[in-house]
DNA sequence: CCCTGAACCTGACCGC
DNA sequence: TGCGGTCAGGTTCAGG
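Residue numbers (my numbering): 6 to 275.
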């Protein structure tokens with residue numbers, strides 16, 4: 006379910022109900038997620054969550070004792086529910102708070118993760134090799150240009166590589182390339198500095214716009230309050246195979262790149 | 001180091 | 001109604 010805007014929307018949604026409150030208990034109904042939920046996660050019980058932050062698509066719940074690391078995978082979501090509400094199918098983990106509410110992790114496909122570290126979370130194995138945040142000043146055209154020289158991988162796969170830049174998921178990768186008029190098939194090493202400037206701007210715009218909209222570009226995005234996000238009909242190419250390009254009317258094409266679907270306008274994007 | 005493809009898992013949908 | 005195949009918003013890992 007989540008791309009970066011959905012994760013950021015989730016972070017903003019839960020923060021007011023979580024920050025400053027104590028964790029009463031952890032309930033694990035299904036420990037087998039992407040990685041097993043560690044037994045040591047119970048160490049968080051009795052500690053106060055001091056901050057909810059995000060790195061890439063990971064949510065970090067900090068306490069004095071350690072940090073709970075959450076990833077929503079493909080199909081995960083977090084909801085704030087009364088702690089005594091009966092769990093539904095795929096409600097794998099509850100973080101029960103002293104307020105009587107629980108942060109409930111739901112994830113049918115179980116590609117998500119709930120981890121615990123007492124070290125600096127940014128040094129964690131999963132976080133330490135991540136690329137730059139797309140909405141930060143550390144993400145700029147010259148960086149992409151330099152890193153992409155001699156790379157033959159497609160530009161689409163290149164911008165989705167989390168070692169380079171994080172948070173550009175499959176939908177927004179297609180959308181950003183359309184906005185910057187670059188073919189997803191073009192080799193990353195064959196993209197000019199000028200075009201990387203356009204692309205970086207497009208990625209920043211597409212992501213921040215989606216965050217402003219509340220991350221509701223995804224049709225089944227469930228917000229923290231349980232409401233379905235209002236699906237904005239604003240995707241210009243993703244999921245629009247054979248439909249008319251919003252700019253020139255050409256039929257949108259679909260192709261597979263690195264096992265993922267890409268959508269593009271063969272006329273506008275070169 | 002770079003690149004590709006398999007793997008993890010469930011559910012929805014489509015054609016027969 | 002059932003069955004098999006395909007597809008889905010992510011990411012790591014093994015191997016060439």
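From the three backbone atoms N, C-alpha and C, an ideal C-beta is built for every residue, glycine too.
Nearest neighbour of residue i, chosen from the options [CA to CA]
i: residue 269; options: 243, 262 and 254; result: 243
i: residue 3; options: 248, 264, 152 and 175; result: A query on residue 3 cannot be resolved here, the shown segment of the chain reaching from 6 to 275 and no further.
i: residue 105; options: 123, 64 and 86; result: 86
i: residue 165; options: 197, 147 and 204; result: 204
i: residue 60; options: 94, 8 and 24; result: 8
i: residue 171; options: 154, 25 and 132; result: 132
i: residue 28; options: 255, 88, 14 and 228; result: 88
i: residue 141; options: 212, 150 and 191; result: 212
i: residue 169; options: 67, 68, 150 and 228; result: 150
i: residue 40; options: 124, 117 and 255; result: 117
i: residue 98; options: 110, 91 and 92; result: 110
i: residue 94; options: 81, 101 and 271; result: 81
Where residue i sits in the DSSP three-state scheme
i: residue 36; result: coil
i: residue 139; result: coil
i: residue 162; result: helix
i: residue 114; result: coil
i: residue 173; result: coil
i: residue 85; result: strand
i: residue 193; result: helix
i: residue 178; result: helix
i: residue 144; result: coil
i: residue 267; result: strand
i: residue 131; result: coil
i: residue 64; result: strand
i: residue 77; result: coil
i: residue 184; result: helix
Residues of its chain near residue i, where Cβ-Cβ distance is below 6 Å and the 5 sequence neighbours each way are ignored
i: residue 252; result: 273
i: residue 115; result: 38
i: residue 42; result: 33, 36 and 119
i: residue 156; result: 193 and 194
i: residue 23; result: 54 and 57
i: residue 144; result: 137 and 170
i: residue 207; result: 181, 184 and 185
Expected contact under 8 Å - CB spacing of residue i and residue j to nearest Å
i: residue 226; j: residue 11; result: 5 Å
i: residue 339; j: residue 16; result: Residue 339 lies beyond the stretch modelled for the chain, which goes from 6 to 275, so this question has no answer here.
i: residue 49; j: residue 70; result: 6 Å
i: residue 260; j: residue 180; result: 16 Å between Cβ atoms; not a contact.
i: residue 178; j: residue 135; result: In fact, because the Cβ distance is near 17 Å, the residues do not count as touching under 8 Å.
i: residue 209; j: residue 113; result: Actually they do not touch by this definition, with Cβ atoms about 32 Å apart.
i: residue 231; j: residue 14; result: So it is not a contact: roughly 14 Å between Cβ atoms.
i: residue 26; j: residue 83; result: About 15 Å separates the two Cβ atoms, so there is no contact after all.
i: residue 19; j: residue 229; result: 5 Å
i: residue 263; j: residue 162; result: 5 Å
Residues near residue i in its chain [Cβ-Cβ closer than 7 Å; skip 5 each side]
i: residue 45; result: 121
i: residue 129; result: 74 and 122
i: residue 196; result: 153, 160 and 187
i: residue 126; result: 65, 72, 74 and 132
8 Å Cβ shell around residue i - same chain, five flanking residues per side excluded
i: residue 245; result: 257 and 268
i: residue 198; result: 146, 147 and 150
Cβ-heavy atom distance, residue i to the ligand GTP, below 8 Å
i: residue 202; result: This structure lacks the ligand GTP; in fact it carries no ligand of any kind.
Starting from the N-terminal side, write out each stretch of the beta strand (DSSP E) that is 3 residues or longer and does not extend beyond the region 195–265. The region 195–265 is shown to contain whole beta strand (DSSP E) runs of 3 or more residues at 258–262, in chain order.
Contained beta strand (DSSP E) runs [length at least 3] in the region 10–62, N- to C-terminal order: Restricting attention to beta strand (DSSP E) runs no shorter than 3 residues, the region 10–62 encloses them at 28–33 and 56–60, ordered along the chain.
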